[in-house]
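First residue of the sequence shown: 28, per the working numbering; consecutive thereafter. A virtual CB, placed ideally from N, CA and C, is assigned to each residue, including glycine.
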Amino acid sequence: MKAISEWFWVLAGILAGLIILSFAVYQIYNTNQAMSEQKTLDQFYKMKNIIDNLCWSFSGNTEIYEISVADRVNGIYVSLDKYTQYSLEDLKEKILNQEYSYGNYICIKIENKRLRCEELYCNATMPFIGSVPSKFSLSALINKIFGRGEISVYKLKLEKTGTIVNVTLSE
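1. I'd like to know whether the C-beta atoms of E90 and I103 end up nearer to each other than 8 angstroms.
2. Can you check DSSP and say which residues form a bridge with A39?
3. Going straight from the alpha carbon of N80 to that of S49, what length do you get?
4. Compute the beta-carbon to beta-carbon distance between E186 and I137, rounded to the nearest angstrom, for a pair I have assumed lies under 8 angstroms.
5. Quick one: residues in its chain with C-beta nearer than 6 angstroms to the C-beta of E145, no 5 flanking neighbours on either side, listed in chain order?
6. Under the DSSP definition of a beta bridge, which residues are partnered with Y127?
7. For Y181, write down the residues that DSSP places opposite it in a beta bridge.
8. In whole angstroms, what is the alpha-carbon distance linking S84 and A151?
9. What residues match up with C134 in a beta bridge as DSSP calls it?
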């Protein structure tokens with residue numbers, strides 16, 4: 028009888044340890060996701076400021092900017108109003124087809140969050156950018172479990188042309 032109670036406590040300890048470990052992994056995942064989202068938001072606002080500065084500059088001025096987009100960011104684009112939304116499938120298609128958007132609002136759509144748009148000082152054209160899932164791999168799965176996810180990096184050339192700012196993908 029004593030042996031059964033000892034095994035019971037061993038199994039209860041292992042079970043408690045697994046519960047604590049899974050809670051810790053979950054917290055790490057959420058923290059890393061929040062940090063990567065915040066980094067992308069910071070870069071989004073920096074890109075908005077660059078576009079606004081170019082709006083007030085002379086025609087022909089250019090800037091090169093590299094933005095890292097977290098895997099939970101569905102898309103970044105410009106729009107004629109702050110209410111234009113696209114479905115996840117539409118955004119992926121527009122990103123993969125390298126379609127361009129036009130308008131005086133720059134918008135970012137993050138998974139499971141509402142659309143966030145900021146008004147620009149002038150009209151701009153830019154490609155739809157965002158995270159596009161890559162093919163399955165074990166390393167990608169491990170990174171996703173630990174909350175690192177995939178990061179899509181875009182190198183952009185921002186150029187003032189006439190009264191608008193053209194944003195193009197730079198190689």
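Quick look at the numbers:
1. Going by C-beta atoms, E90 is not nearer than 8 angstroms to I103.
2. According to DSSP, A39 bridges with nothing at all.
3. 47 angstroms
4. At roughly 27 angstroms, the Cβ-Cβ gap does not stay under 8 angstroms, so E186 and I137 are not in contact.
5. K75, I133
6. Bridge partners of Y127: P154.
7. I94
8. 14 angstroms
9. Y104, C144
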